[in-house]
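Below: the structure, in structure tokens.
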Amino acid sequence: MVEVHGHRGARGLRPENTLAGFEHALELGVDAVELDVGLSADGVVVLNHDQVLSSRNLADTAPAWPDDPSYPYVGRPVRELTVRQLRTLDAGGQRIPTFAETCALLAPAEVKLSVELKTDPTWTDEEIDLFTAAVADVLHTHALTARTSLLAFDWRVLTEARDHYPSLGRVALCEPKTLTDGTDWLAGRSPADPVAAAVAIDATAISPKHVITTQALVEDAHTAALPVIVWTVNTPEDMTRFIGYDVDAIVTDYPDRLQDVLAAV
1 MVEVHGHRGA
11 RGLRPENTLA
21 GFEHALELGV
31 DAVELDVGLS
41 ADGVVVLNHD
51 QVLSSRNLAD
61 TAPAWPDDPS
71 YPYVGRPVRE
81 LTVRQLRTLD
91 AGGQRIPTFA
101 ETCALLAPAE
111 VKLSVELKTD
121 PTWTDEEIDL
131 FTAAVADVLH
141 THALTARTSL
151 LAFDWRVLTE
161 ARDHYPSLGR
171 VALCEPKTLT
181 DGTDWLAGRS
191 PADPVAAAVA
201 IDATAISPKH
211 VITTQALVED
221 AHTAALPVIV
231 WTVNTPEDMT
241 RFIGYDVDAI
251 VTDYPDRLQD
261 VLAAV
């Protein structure tokens, strides 16, 4: 059976990457909760999709303290702001949670965690190592290591996890922009064959964007014993097509919609 992965919780139904969104995803009975993390200026792992705070999902309310020169915060990188500053932002009527708060919510539930670390090739190896370690530490504290996978477009995160946190799953994200010639996203691997590249870094699954997920790619991955997690799929027609491709999991903003499709197959 295809697994249902709630994208950023249940992004089409509740504010993304929020505790309320995760609670709703749990109510819907998802198999996995997908979420995004960044690292604050004071070294706390926090939730947010973009490295730079976006008005698409966030709004400023007030400065964290009077005359804060960093205010307004929207438009600034997450890692240039402290948790106190980030807490002031309105995320669809919610607040940006810490990863620790999120893990405390999800730990009692029988659900997998798919944790995407938001980095890019401009990050140094040392910054990658520090961030990955901070995420792994929170997971260990909440006894969630065994049911968590780390996701990354920047595959250095995955090689760092392989070398130092091997009990964590390692999901190789890919999309057209990361598979161009001369790419810096794939930890030195060639983009010519993404499945072979994922196997070469010992990924435990490959997660391609829906527009590049073909029947042939799924078959190649399964031949290499690599599960396929396709993202982000929101229409019943596309859901049905990827189920027919025999993907292992579908990431969707609408877990309820996917469950209806699966029930009808």
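Under full-length UniProt numbering, the letters of the sequence shown match residues 1 to 265, in that order. Glycine residues also receive a C-beta, built at the ideal position from the N, C-alpha and C atoms. Quantities reported herein were computed from a predicted structural model and do not represent experimental measurements.
Under DSSP, K209 takes part in a beta bridge, and its partners are W231. Scanning its chain for C-beta atoms nearer than 8 Å, with the 5 sequence neighbours on each side dropped, one finds around D248 the residues V2, E3, A205, P227, V228, I229, in chain order. For G43, there is no enclosing beta strand (DSSP E), as DSSP gives it neither H nor E.
Of all C-beta pairs linking the segment 60 to 68 to the segment 136 to 146, fewer than three are shorter than 8 Å, placing the two stretches out of contact.
With respect to G6, V30 sits close: the two C-beta atoms are nearer than 8 Å. Going by beta carbons, L173 and L150 fall outside the 8 Å limit.
Between the beta-carbon of L53 and that of Y71 there is about 12 Å, and that puts the pair past the 8 Å contact cut. DSSP lists no bridge partner for G182.
In the DSSP secondary-structure assignment, T223 is not bridged to any residue. A Cβ-Cβ contact shorter than 8 Å links D154 with T119.
With fewer than 16 other beta carbons inside 10 angstroms of its own, I212 counts as exposed. In the three-state DSSP reduction, R8 falls in the coil class, being neither helix nor strand. In the structure shown, P194 adopts helical secondary structure according to DSSP, grouped into three states. In the pairwise beta carbon analysis, the segment 7 to 27 is classified as touching the segment 89 to 102: at least three pairs are separated by under 8 Å. Taken atom to atom, the span from the alpha-carbon of P191 to that of I128 is near 21 Å.
For V115, the three-state secondary structure derived from DSSP is strand. At least 8 Å separates the beta-carbon of R156 from that of D181.
Contact between T102 and L35 holds, with the beta-carbon distance rounding to 7 Å and staying under 8 Å. Residues V46, N48, Q51, V78, R79, K118 of the same chain have their beta carbon placed closer than 7 Å to that of G38, with the five preceding and five following residues left out of the count. Residue R162 holds the alpha-carbon nearest to the alpha-carbon of A200 among R162, V135, V218, N57. The C-alpha of A136 lies about 28 Å from the C-alpha of H222.
Shown here, T122 sits in coil according to DSSP, grouped into three states, outside any helix or strand.
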